[in-house]
Amino acid sequence: MKILGIDPGYAILGYGVIEKTGNKFIPCSYGSLTTDKDMPMPQRLELLYDGLREVIEYERPDAASIEELYFNNNAKTAIYVGQARGVAMLACIKAGLEIAEYTPLQIKQALVGYGRAEKRQVQMMVKTILNLREVPKPDDTADALAAAICHGHSAGNPLKIQQQIKEKGFRL
13 MKILGIDPGY
23 AILGYGVIEK
33 TGNKFIPCSY
43 GSLTTDKDMP
53 MPQRLELLYD
63 GLREVIEYER
73 PDAASIEELY
83 FNNNAKTAIY
93 VGQARGVAML
103 ACIKAGLEIA
113 EYTPLQIKQA
123 LVGYGRAEKR
133 QVQMMVKTIL
143 NLREVPKPDD
153 TADALAAAIC
163 HGHSAGNPLK
173 IQQQIKEKGF
183 RL
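Per this note's numbering, residue 13 is the first one in the sequence shown, and the count goes up by one each step.
Printed below as a string of structure tokens:
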């Protein structure tokens with residue numbers, strides 16, 4: 013199974029494609045799509061959509077895994093990231109991909125075994141699981157690969173990871 017992981021963002025959208033064969037994960041391609049801060053938002057969204065469609069057409073994944081939106085205080089930023097997330101989902105849907113959505117807590121649980129793991133721990137697990145020489149940069153790329161690995165671990169069932177989190181006493 014080939015899985016496309018997406019870490020949504022409007023300045024940087026991370027993507028990572030992995031192949032899961034049995035219990036083994038093999039990296040196919042990964043990187044990030046970036047937009048210029050001086051570009052109008054509609055053009056930024058178009059650039060993200062077109063770039064992601066190119067990745068999908070080239071890699072031909074079987075499924076997509078996208079990180080759910082998480083934000084602290086800045087509502088404007090959350091809206092922009094939400095728009096980029098919507099564009100990413102649209103690109104996947106138009107390509108006929110089934111989409112799984114995971115919270116940051118679920119992704120951390122799937123990779124590290126602990127839903128409150130530090131970002132660096134998740135990045136090191138991505139490097140280890142995919143047998144990479146170094147942690148993928150920027151962070152958005154590593155996060156996208158983590159989302160893809162999470163989907164591979166959950167066998168396409170986000171409820172499996174949700175249950176593990178609840179068993180440890182965390183709330184989503």
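All C-beta atoms in this analysis are idealised placements derived from N, C-alpha and C, irrespective of residue type, glycine included.
Buried versus exposed call for residue i [16 or more other C-beta atoms within 10 Å across all chains shown]
| i | result |
| --- | --- |
| I30 | buried |
| Y42 | buried |
| D19 | buried |
| E69 | exposed |
| D155 | buried |
| G125 | exposed |
| R97 | buried |
| G63 | buried |
| K32 | buried |
Which residues DSSP lists as bridging residue i, in chain order
| i | result |
| --- | --- |
| A160 | According to DSSP, which records beta bridges pairwise, A160 is partnered with nothing at all. |
| S77 | G17, A112 |
| Y27 | I18, G43 |
| T190 | Because residue 190 is not part of the residues shown, which for the chain are 13 to 184, the question remains open. |
Residue range of the alpha helix (DSSP H) that includes residue i
| i | result |
| --- | --- |
| K106 | 87 to 106 |
| G63 | 53 to 71 |
| R145 | Unbroken run through R145: none, as it is neither H nor E. |
Any 3 or more C-beta pairs closer than 8 Å across the stretch 149 to 163 and the stretch 109 to 119
yes
May I ask you to verify whether the stretch 68 to 79 touches the stretch 98 to 113, counting CB pairs closer than 8 Å and requiring at least 3?
yes
Pair every Cβ in the stretch 130 to 146 with every Cβ in the stretch 54 to 62, then say whether three or more of these pairs are closer than 8 Å.
no
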